[in-house]
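Following: one structure in structure tokens, then a few remarks.
In the working numbering, the protein residues as written are 4 to 236.
So, in structure tokens, the structure goes:
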């Protein structure tokens, strides 16, 4: 899932970011509700991928988490909200749920309980099963459904093709080596001598690129591997 952590306590914010990233989620974080709202607005305008879930602290400087929750629901933004708070009374929990939170977790909480609640929300809320949706050079990629759409034409993707795209996008600030692709997509040794990665990428490009001879989505980094939207060489 694409998760936004909104927490003003730095150590907890960083810990949640590392925990959820390590579980395969695409995670962003911020300390203020106002910044979270700006990111949500950007996602609604299509400037960045939509968020599936917010981990939202109740007590924040400036706009409170409760106020942000109310604002999100008033704007009909489709996103799951898991409220994090030190307030443990039944009255506070009910207030948070009435403002539009989907679930409520009291601090301090255990890692396993947090992960279990996120998983439960993923099963319960339809929007959390949509997977990662991207757009690049006119090609719409629905990685949750393993589907590429260009010029109105749908093209099914294999699970490995979707996994390659997800990995490249998650690490879009750098090139991803063939060894890393082998290990994370094929669960194979990174030093395995094979052309499997290159063959699979070539087939993937036929489905998603405007011109396979000049790829703009999955691009080659010579001597390294592949990258998301990075010029050749």
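Cβ atoms here follow ideal geometry from the backbone N, Cα and C, with glycine treated the same way.
A quick note: this is a predicted structure, and the numbers were derived from the prediction, not measured.
Check your understanding: Leaving out the 5 sequence neighbours to the left and right, which residues in its chain are closer than 8 Å to residue 158 when beta-carbon positions are compared?
Key -> 150, 151, 152, 210, 211
Check your understanding: So what does DSSP say about residue 161, is it helix, strand or coil?
Key -> coil
**Study point:** Segments of 4+ residues assigned as alpha helix (DSSP H) that fall wholly inside the region 61-115
**Key:** 68-77, 93-101
Review point. What does a CB cutoff of less than 6 Å around residue 10 pick up in its chain, not counting 5 residues either side in sequence?
Key: Exclusion of the five residues before and after residue 10 leaves 16, 60 as the residues of its chain whose Cβ lies within less than 6 Å of its Cβ.
Review point. For residue 20, does the three-state DSSP call read helix, strand or coil?
Key: helix
Check your understanding: Once you ignore the five residues that flank residue 204 on each side, which residues in its own chain have a CB closer than 8 Å to its CB?
Key -> 167, 221, 229
Review point. Taking DSSP as the reference, what is the three-state secondary structure of residue 121?
Key: Three-state result, residue 121: helix.
Exercise for review: For residue 75, decide whether its Cβ has a neighbour in chain C, counting only Cβ atoms nearer than 8 Å.
Suggested key: Chain labels in this structure do not include chain C; a single protein chain is all it has.
Review point. Exposed or buried, residue 195, counting other C-beta atoms within 10 Å across all chains shown (16 or more means buried)?
Key: exposed
Practice item. Go to residue 208, then tell me how far its alpha helix (DSSP H) extends in each direction, as first and last residue. Key: Residue 208 -> alpha helix (DSSP H) spans 199-211.
Check your understanding: At what residues does the beta strand (DSSP E) containing residue 230 begin and finish?
Key -> 228-231
Exercise for review: Pull up the distance between the alpha-carbon of residue 102 and that of residue 187, whole angstroms please.
Suggested key: 40 Å
Point to revise | Proximity to residue 148 [Cα-Cα], best of 169, 139, 154 | key: Closest by alpha carbon: 169.
Point to revise | Between the CA atoms of residue 52 and residue 155 - distance to the nearest angstrom | key: 20 Å
Exercise for review: Less than 8 Å between the CB atoms is what I'm expecting for residue 139 and residue 232, so what's the real figure, rounded?
Suggested key: 6 Å
Check your understanding: Which residues bound the alpha helix (DSSP H) around residue 38?
Key -> 36-47
Point to revise | Where the beta strand (DSSP E) through residue 136 begins and ends | key: For residue 136, the enclosing beta strand (DSSP E) covers residues 136-139.
Practice item. Go through its chain and collect everything with a Cβ distance to residue 65's Cβ below 8 Å, but skip five positions before and after it. Key: 35, 36, 37
Check your understanding: For the ligand PLP, is there a heavy atom less than 7 Å away from the beta-carbon of residue 213?
Key -> As for the ligand PLP, it is missing from this structure, which has no ligand bound.
Review point. Start and end of the beta strand (DSSP E) containing residue 185?
Key: Segment 181-188 is the alpha helix (DSSP H) holding residue 185; no beta strand (DSSP E) there.
Practice item. State the CB to CB distance for the pair residue 6 and residue 22, rounded to an integer number of angstroms; the pair is presumed to be in contact (CB under 8 Å). Key: In this structure residue 6 is not in contact with residue 22, their Cβ atoms being roughly 10 Å apart against a cut-off of 8 Å.
**Study point:** Own chain partners of residue 32 with C-beta closer than 8 Å, once the 5 adjacent residues on each side are dropped
**Key:** Annotation for residue 32: 7, 8, 9, 10, 16, 17, 19, 20 place their beta carbon closer than 8 Å to its own, counting only its chain and skipping 5 residues before and after.
Review point. When the Cα of residue 110 is compared with those of 145, 125, 58, 197, which residue comes out closest?
Key: 58
Exercise for review: Work out the CA separation of residue 182 and residue 43 for me, nearest whole Å.
Suggested key: 35 Å
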